[in-house]
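Going by full-length UniProt numbering, the first residue of the sequence shown is number 1, and it counts up by one from there.
Here a beta-carbon is modelled for each residue, glycine too, at the ideal position from N, C-alpha and C.
Since the model is a prediction, treat every value here as computed from it, not as a measurement.
One structure below.
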Amino acid sequence: MLNTRLNLDRIRAARQVIDPSFLDTPLYECDALAGHLGCTVSIKLETANPVRSFKGRGTELVASLLADQGRSAVVCASAGNLGQALAWSGRRRGLDVTVVASRRAPTAKLDRIRALGAELELVEGDFDTAREQAATIARQRGIRLVEDSLDIETCEGAATIGLELATGTPTFDTVLIALGGGAMATGVGHVLKTLLPAVEVICVQPLGAPAMTRSWHERRVITTDSTDTIADGVAGRHPIPAVLDDLLQVADDAVLVQETSIIAGMRMLLEHAGLVVEPSAALGVAAVLEDPDRFAGRHVATILCGSNVDLDAYHRWVRR
Ligand SMILES: Cc1ncc(COP(=O)(O)O)c(C=O)c1O
């Protein structure tokens with residue numbers, strides 16, 4: 001029996017609140033990729049929605065809760081995708097949204113946050129510096145702070161991906177999930193371990209941002225002083241203890257991959273699946289590329305969780 005902060009009834013109910021444009025995303029076997037990866041590959045495509053990432057599932061829940069409570073303003077820290085998603089969900093409900101992000105975040109993400117009507121505050125540091133600044137703003141203005149992966153709605157929203165993966169009679173053995181703060185892995189993992197306990201849940205992080213993966217292996221919070229990865233969506237240094245507790249219950253493994261594999265994964269997804277993804281979304285493919293024997297002959301599903309890239313950087317990465 002799982003004892004995480006999540007609950008299947010609440011996750012099922014969440015589907016009624018989330019805008020349909022984020023739900024029931026394509027899930028299909030991609031034969032062309034399979035040929036190159038040596039295993040059957042199913043893709044869960046989370047990029048074809050108004051904010052080009054899965055984060056809208058969670059922000060829909062957050063924003064609707066705040067609107068129901070009569071709140072008018074909210075602030076979050078973001079690596080770029082949560083901020084866009086909260087801006088989108090907040091705008092539709094008349095909320096003033098402030099997003100704090102690193103100046104080094106991809107320009108495409110920052111531009112979209114502004115274009116969606118949010119106030120954007122930039123910090124010199126990284127995502128964890130942005131988290132501190134967002135907390136300060138919330139205190140100073142007396143407004144609600146949304147904390148990705150800690151606020152249960154962010155996990156429940158992501159968990160609805162798990163419900164969709166578990167629909168019908170899925171034949172996959174393994175689900176590969178990009179791991180950042182952990183909302184997606186704990187949410188999807190909770191659903192899979194409840195409904196399809198035999199399916200293996202593997203989290204994937206870059207070697208250059210290993211804090212949560214190391215924490216999972218050591219069963220205690222390990223922080224790092226810095227990160228060094230192109231996968232900006234998962235580059236955190238300070239795992240949240242409650243999220244780690246949940247992750248320990250729902251993940252079967254957590255692996256680290258190299259930058260070259262992430263780039264090769266992005267290139268393969270473009271060449272063989274016709275899909276533009278951001279680095280964080282290529283982590284699952286990267287994990288198969290690094291350990292083909294582990295996955296040989298198996299059926300893996302990978303969640304392509306975002307496609308917000310700066311074009312120049314993307315072209316550099318995928319060019320041979
Ligand atoms: C594209 C993408 N992939 C993966 C993640 C990591 O998700 P989580 O923080 O829920 O672990 C994020 C987080 O923002 C993201 O934007």
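query: If you scan the region 210–240 from start to end, which runs of the beta strand (DSSP E) of 3 or more residues do you find wholly inside it?
result: With a minimum length of 3 residues, there is no unbroken run of beta strand (DSSP E) contained wholly in the region 210–240.
message: Nearer than 6 angstroms: is that true of the beta carbon of residue 389 relative to any heavy atom of ligand 1?
response: Given that the chain is displayed from residue 1 to residue 320, the structure contains no residue 389 and the question cannot be resolved.
- prompt: Span of the beta strand (DSSP E) holding L145?
  reply: Note, L145: beta strand (DSSP E), 144–146.
message: Between the alpha carbons of D253 and T194, how many angstroms are there, rounded?
response: 17 angstroms
query: Mind checking whether the beta-carbon of A13 lies closer than 6 angstroms to any heavy atom of ligand 1?
result: no
message: Quick check on D173: does DSSP put it in helix, strand or coil?
response: coil
- request: Would you mind working out which of Q140, T167, D126, D246 sits nearest G187, comparing C-alpha positions?
  value: D246
query: According to the neighbour-count rule (16 or more other Cβ atoms, all chains shown, within 10 Å of its Cβ), is A264 buried or exposed?
result: Flag for A264 reads buried.
task: Just confirm the distance between the C-beta atoms of P279 and I262, as a whole number of angstroms; I'd bet it's less than 8 angstroms.
output: 5 angstroms
- prompt: Near P210, which residues of its chain fall below 6 angstroms by C-beta distance, leaving aside the five closest residues on each side in sequence?
  reply: L256
Extent of the continuous alpha helix (DSSP H) run through Q140: 127–141
query: Expressed to the nearest angstrom, what Euclidean distance is found between the alpha-carbon atoms of E156 and C30?
result: 27 angstroms
- prompt: Given 8 angstroms as the limit, is there contact between the region 270–290 and the region 20–28, that is, 3 or more CB pairs closer than that?
  reply: no
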